[in-house]
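Residue numbers (my numbering): 75 to 350. No residue lacks a Cβ here, since even glycine has one placed at the ideal position from N, Cα and C. Everything on this sheet refers to the single structure shown next.
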Amino acid sequence: MRLLVFGGTGFLGLEITRQAQLAGDDVVGTFHTRVPASTGVDWRRVDIRRRDDVTALARQARPDVVVNAAYRQTDWATTADGGTHVALAAAAVGARLVHVSSDAVFSGTTASYDETRLPDPTTPYGAAKAAAETAIKGIDPTAIIARTSLIVGDGGSPHEEYVHALASGAVTGALFTDDVRCPGHVTDLAAALLELAASPYTGVHHVAGVDAVSRYELGVLIARRDGLDHTALPTGLRAATSLPGPIDVRLDCVRTQSRLTTRLRGAREFLVPSPT
Numbered sequence: 075m076r077l078l079v080f081g082g083t084g085f086l087g088l089e090i091t092r093q094a095q096l097a098g099d100d101v102v103g104t105f106h107t108r109v110p111a112s113t114g115v116d117w118r119r120v121d122i123r124r125r126d127d128v129t130a131l132a133r134q135a136r137p138d139v140v141v142n143a144a145y146r147q148t149d150w151a152t153t154a155d156g157g158t159h160v161a162l163a164a165a166a167v168g169a170r171l172v173h174v175s176s177d178a179v180f181s182g183t184t185a186s187y188d189e190t191r192l193p194d195p196t197t198p199y200g201a202a203k204a205a206a207e208t209a210i211k212g213i214d215p216t217a218i219i220a221r222t223s224l225i226v227g228d229g230g231s232p233h234e235e236y237v238h239a240l241a242s243g244a245v246t247g248a249l250f251t252d253d254v255r256c257p258g259h260v261t262d263l264a265a266a267l268l269e270l271a272a273s274p275y276t277g278v279h280h281v282a283g284v285d286a287v288s289r290y291e292l293g294v295l296i297a298r299r300d301g302l303d304h305t306a307l308p309t310g311l312r313a314a315t316s317l318p319g320p321i322d323v324r325l326d327c328v329r330t331q332s333r334l335t336t337r338l339r340g341a342r343e344f345l346v347p348s349p350t
């Protein structure tokens, strides 16, 4: 395949480009400010808030598949409008679209969320993601909309970096014991997205880990894996703060997992320390 990956320099985007290259795919990746050090990718600068620029790039690249992993939590124009621009560009060149969405589209007022649940966001970021989903469904009903949760890796994710900073005392803060998500490993997510891209499936898919864990439990798992003192991690209750957004959001991925050969591991599995 020939892939065009928007947000190719992000944590997920880089893993998608890496796996696609290993599979022998031809990869074009986008960046906004700085070209990454990784080689073998045809890197192009683009601002997805500029619709004409996005369409022009798609026409130049002529991809078979377009993956949109670009977002900014505090910028509607990037997350909502940008997602729409990417969908329009993919449709203009007849490319398969895989759009990465988020569990932030849900309020957390339901025990768990499968793919049939309608978005009910409570934050501007969640609303932007939900707006992009709505636009994409209208532009290309055959597109894949992949909702995911927290993304962790073997180091380098924002969540892992925050745990290290808390454990060392470099920053102050707390890991909430009541804030629950379904973290997934970046390699699993990237592999699942590429598998969905090559599949006949359409519509919404939930791609996250099988374990529902609190931010604190996730932090403890990361600390133990990395040999940090997990007892140094400060705790707190999200419900006791004024922070906006849902507290407990659990994605049900059973239907999507049944369609994939890629196994969506849970945090309690992929964060187990390696034997010495």
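**Message:** Less than 6 Å between C-beta atoms, sequence neighbours within five positions excluded: which residues of the same chain meet that for Gly200?
**Reply:** Taking the first residue of the sequence shown as position 1, residue 200 is located at position 126. Around Gly200: Ala178 and Val179.
**Asked** Does DSSP classify Thr276 as helix, strand or coil?
**Response** Looking up residue 276 in the sequence shown gives position 202. Three-state result, Thr276: coil.
**Request:** Tell me, please, whether the stretch 243-261 touches the stretch 295-313 by the rule of three or more beta-carbon pairs shorter than 8 Å.
**Result:** yes
**Message:** My assumption, with CB atoms under 8 Å, is that Ile210 sits in contact with His173. Please give the rounded CB distance.
**Reply:** Within the sequence shown, residue 210 is the residue found at index 136, counting from 1. Within the sequence shown, residue 173 is the residue found at index 99, counting from 1. About 5 Å separates the two Cβ atoms, so the contact holds.
**Prompt:** In three-state DSSP terms, what is Ala220?
**Reply:** Within the sequence shown, the letter at position 146 stands for residue 220. In the structure shown, Ala220 adopts extended strand secondary structure according to DSSP, grouped into three states.
**Message:** Give me, in chain order, the residues of the same chain whose beta-carbon lies closer than 6 Å to that of Asp188; leave out the 5 immediate sequence neighbours on both sides.
**Reply:** Residue mapping note: residue 188 aligns to position 114 of the sequence shown, counting from 1. Counting only Cβ-Cβ distances below 6 Å, and skipping sequence neighbours, we find Asp326.
**Message:** So if DSSP puts Ser176 in a beta bridge, which residue, or which two residues, is it bridged to?
**Reply:** Reading the sequence shown from its first residue, position 102 is the one you call residue 176. In the DSSP assignment, Ser176 is bridged to Thr222.
**Item:** Span of the beta strand (DSSP E) around Leu77
**Value:** Numbered from 1 along the sequence shown, position 3 holds the residue referred to as residue 77. Counting along the chain, Leu77 sits inside the beta strand (DSSP E) bounded by residues Arg76 to Phe80.
**Message:** Give me, in chain order, the residues of the same chain whose beta-carbon lies closer than 6 Å to that of Pro193; leave out the 5 immediate sequence neighbours on both sides.
**Reply:** Reading the sequence shown from its first residue, position 119 is the one you call residue 193. So the qualifying residues of the chain are Val179 and Ala204.
**Asked** My guess is that Ile90 and Ala143 are in contact by the Cβ rule of under 8 Å, so how many angstroms apart are they, rounded?
**Response** Locating residue 90 in the sequence shown gives position 16, where the first residue counts as 1. Locating residue 143 in the sequence shown gives position 69, where the first residue counts as 1. Correct: roughly 7 Å between the Cβ atoms.
**Item:** Between the CA atoms of Pro110 and Thr83 - distance to the nearest angstrom
**Value:** Residue numbering aside, residue 83 sits at position 9 when the sequence shown is read from its first letter. Residue numbering aside, residue 110 sits at position 36 when the sequence shown is read from its first letter. Each residue's Cα considered, the two are about 6 Å apart.
**Request:** State the start and end residues of the unbroken alpha helix (DSSP H) segment that holds Gly212.
**Result:** For the purposes of this step, residue 212 is taken as residue 138 along the sequence shown, with counting starting at 1. Start and end: Pro198 to Ile213.
**Asked** Nearest-angstrom Cα distance between Met75 and Leu295?
**Response** By one-based count along the sequence shown, residue 75 stands at place 1. By one-based count along the sequence shown, residue 295 stands at place 221. Going by the C-alpha atoms only, they are around 37 Å apart.
**Prompt:** What is the rounded straight-line gap between the Cα of Ala220 and the Cα of His279?
**Reply:** Here the question's residue 220 lines up with position 146 in the sequence shown. Here the question's residue 279 lines up with position 205 in the sequence shown. Cα to Cα, the separation comes out at about 5 Å.
**Request:** Leaving aside the five residues before and after Asp252 along the sequence, list all residues of the same chain whose C-beta is less than 8 Å from its C-beta, in chain order.
**Result:** What you label residue 252 is simply residue 178 of the sequence shown in a count that begins at 1. Correct list, in chain order: Ser288, Leu311, Arg312, Ala313, Ile321 and Asp322.
**Asked** Between the C-alpha atoms of Leu171 and Val141, what's the straight-line distance to the nearest angstrom?
**Response** Locating residue 171 in the sequence shown gives position 97, where the first residue counts as 1. Locating residue 141 in the sequence shown gives position 67, where the first residue counts as 1. Computed Cα separation, rounded: 6 Å.
**Prompt:** Cα-Cα, which of Val254, Ala239, Val281 and Tyr275 is closest to His304?
**Reply:** The residue labelled residue 304 in the question sits at position 230 within the sequence shown. Ranking the options by Cα distance to His304, first place goes to Ala239.
**Prompt:** If we count the other Cβ atoms within 10 Å of its Cβ and call it buried at 16 or more, is Glu234 buried or exposed?
**Reply:** Taking the sequence shown and counting its residues from 1, the one referred to as residue 234 is at position 160. Looking at its Cβ environment, which holds 16 or more other Cβ atoms inside 10 Å, Glu234 is buried.
**Message:** Taking its Cβ as the centre, do 16 or more other Cβ atoms sit within 10 Å of Ala154, making it buried, or is it exposed?
**Reply:** Residue mapping note: residue 154 aligns to position 80 of the sequence shown, counting from 1. Buried: at least 16 other Cβ atoms inside 10 Å.
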